[in-house]
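One structure is given here, and the rest of the page talks about it.
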Amino acid sequence: MDILVILAHPDPASFNHAIARQAIQTLKDNGHVPIFHDLCAEEFDALLPAAEIPRRADLPATIAAHCRETATADGIIVVHPNWWGMPPAILTGWVDRIMRPGVAYEFVEGDSGEGVPVGLLKADKALVFNTSNTSAEREDRIFGDPLDRIWKDCVFDLCGVQDVTRHIFRIIVTSTLEERQTWLAEVAEAVANAFPKS
């Protein structure tokens, strides 16, 4: 299977990069083809131009390629830190530009945009790996875990991906090498469970 892997972290030495590397290796070990994009390394332009908003807009070649890969992927993996209860801006911009009508979703005929769209993505599973420096107790009590709502309800559910699993690794800033090794083993297990050997 072709599995899209999207990474959004600017530091190549980050644990997010280690997560992405582990996910990619596990996919390869299981006979899958990872389609990998390190958005920061690729300097993905997160700004959605007004000219791209119309459904049948002429898209730049890079954006059109991302759209094709996203639409046809058999599964999706997203890796990013929790920044202010949101994905990094570059990843939000990727969603703005790539999860577009005709690619990720479509409104039914006669709907002018106020209804619930029909999801178009081929993928039936998505994994989201997040790093955080906020404790689980504080996250739930104060913030209510907005990233869960963003990915499960606001993005993937509306685009037709029903099986969405998030894994959160915390607290990164004080984590030990042993903790990180344990977490990477959890990444490998999660990826292998979602996308077993073909």
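For what it's worth, my numbering labels the leading residue of the sequence shown as -6, then goes sequentially. All residues carry an ideal CB built from backbone N, CA and C; glycine is no exception.
| field | Helix, strand or coil at ILE69 according to DSSP, with G and I counted as helix | value | For this step, residue 69 is matched to residue 76 along the sequence shown. In this structure, ILE69 counts as strand in the three-state DSSP scheme.
| field | Member of LEU177, LYS21, GLY86 and HIS25 whose CA lies at the smallest distance from the CA of HIS59 | value | For the purposes of this step, residue 59 is identified with residue 66 of the sequence shown, where counting begins at 1. The candidate whose alpha carbon is nearest that of HIS59 is GLY86.
| the segment 107 to 127 contacting the segment 162 to 174, beta-carbon criterion three pairs below 8 Å | Touching, yes.
| task | Answer with buried or exposed for THR19, where buried requires no fewer than 16 other C-beta atoms within 10 angstroms of its C-beta. | result | Indexing the sequence shown from 1 puts residue 19 at position 26. So THR19 ends up on the buried side.
| message | Using 7 Å as the threshold, is the C-beta distance between ALA1 and PRO110 below it? | response | Indexing the sequence shown from 1 puts residue 1 at position 8. Indexing the sequence shown from 1 puts residue 110 at position 117. Judged by their CB atoms, ALA1 and PRO110 are not nearer to each other than the 7 Å cut-off.
| query | Rounded to a whole number of angstroms, what is the C-alpha to C-alpha distance between ALA6 and GLU171? | reply | Sequence index remark: in the sequence shown, residue 6 carries index 13 (1-based). Sequence index remark: in the sequence shown, residue 171 carries index 178 (1-based). Going by C-alpha positions, ALA6 is about 17 Å away from GLU171.
| query | CA-CA distance, CYS147 and VAL72? | reply | Residue mapping note: residue 147 aligns to position 154 of the sequence shown, counting from 1. Residue mapping note: residue 72 aligns to position 79 of the sequence shown, counting from 1. Straight-line Cα distance between these residues: approximately 17 Å.
| field | Beta-carbon proximity list for ARG90, same chain, < 6 Å, skipping 5 on both sides | value | Residue mapping note: residue 90 aligns to position 97 of the sequence shown, counting from 1. Excluding sequence neighbours, ARG90 sits near LEU41 and ILE56.
| Roughly how far, in whole angstroms, is the beta-carbon of GLY95 from the beta-carbon of CYS152, given that I think they are within contact range, below 8 Å? | Against the sequence shown, residue 95 aligns to sequence position 102. Against the sequence shown, residue 152 aligns to sequence position 159. In this structure GLY95 is not in contact with CYS152, their Cβ atoms being roughly 12 Å apart against a cut-off of 8 Å.
| request: Measure the C-alpha to C-alpha separation of LEU(-3) and GLN15 and round it to an integer number of angstroms. | output: In the sequence shown, counting from the first residue as 1, residue -3 sits at position 4. In the sequence shown, counting from the first residue as 1, residue 15 sits at position 22. Their backbone Cα atoms lie some 14 Å apart in a straight line.
| message | Helix, strand or coil for ILE28? Go by DSSP, reduced to three states. | response | Reading the sequence shown from its first residue, position 35 is the one you call residue 28. DSSP places ILE28 in strand when its eight states are reduced to three.
| message | Are the CB atoms of GLY68 and PRO139 within a distance shorter than 7 Å? | response | As a first step, residue 139 must be located in the sequence shown, where it is residue number 146. As a first step, residue 68 must be located in the sequence shown, where it is residue number 75. No. Outside cutoff.
| Assuming HIS25 contacts PHE188 under a Cβ cut-off of 8 Å, what Cβ separation, rounded to an integer in Å, is found between them? | The residue you call residue 25 lines up with position 32 of the sequence shown. The residue you call residue 188 lines up with position 195 of the sequence shown. Separation of the CB atoms of HIS25 and PHE188 is rounded to 6 Å, and the pair is thereby assigned contact status at 8 Å.
| message | Out of ARG93, GLU35 and PHE100, which one is the CA nearest neighbour of GLU45? | response | Here residue 45 refers to the residue found at position 52 of the sequence shown. Ranked by Cα distance from GLU45, the first of ARG93, GLU35 and PHE100 is ARG93.
| task | Using only alpha-carbon positions, find the residue among ASP156, TRP144, ALA11 and LYS115 that is nearest to TRP193. | result | In the structure as shown, the chain begins at -6 and stops at 191. Residue 193 is therefore absent and cannot be evaluated.
| said: Considering only the alpha carbon of each residue, which of ILE70, VAL180 and ASP31 lies closest to ILE83? | reply: Position 90 of the sequence shown, counting from 1, holds the residue named residue 83. Here the closest residue by C-alpha is ASP31.
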